[in-house]
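Chemist: Once you've had a glance at the structure underneath, I'll fire off some questions.
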C-alpha cells in the first residue's frame, strides 16, 4: 500500500506554524527588551537634566547675590573712597524704575 502525502503535508504545515509562533514570540521579546532599554535611557537622561537644572539654579542664586552686593551703595562708597566726591546719594522713589 502506498503512503499518502497528506500526513507529510500536515507535519510540514505544523512545522511552519511552530516556526511562525516562535518568530512572533521572539519578535515580541525583542520589542519588549528594546522598550525597557529606551525607558531606562530616558530615565538616565531625565536624571542628568535634573542635575544640570539644579546646578544652574545654584549658579543663578550665587550670581544674584553677587549682583546685589556689587550694586549696593555701601560697596560703591567703599570702592570710590568718598561719597561726597562723586555725589552718591540714595535715589528717590521717582528715580527708581522697576523692571519686571
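In my numbering, the protein residues as written are 10 to 109.
All C-beta atoms, glycine included, are put in the ideal place defined by N, C-alpha and C.
For residue 109, which of helix, strand or coil comes out of DSSP?
Modeler: If DSSP states are grouped into helix, strand and coil, residue 109 belongs with coil.
Chemist: For my contact list, residue 84 and residue 78 are in at a C-beta cut-off of 8 Å; report their separation, rounded to the angstrom.
Modeler: 6 Å
Chemist: Less than 8 Å between the CB of residue 88 and some heavy atom of the ligand SAH, yes or no?
Modeler: As presented, the structure is devoid of all ligands, the ligand SAH included, so that no description of it is given.
Chemist: Could you spell out the range, first to last residue, of the alpha helix (DSSP H) harbouring residue 16?
Modeler: Where residue 16 is concerned, the enclosing alpha helix (DSSP H) stretches over 15-80.
Chemist: Give the straight-line distance between the Cα atoms of residue 22 and residue 28, rounded to the nearest whole angstrom.
Modeler: 10 Å
Chemist: Considering only C-alpha positions, which residue in the set 98, 68, 60, 69 is nearest to residue 81?
Modeler: 98
Chemist: For residue 102 and residue 47, I'd like the C-alpha separation in whole angstroms.
Modeler: If you draw a straight line from the Cα of residue 102 to the Cα of residue 47, it is about 57 Å long.
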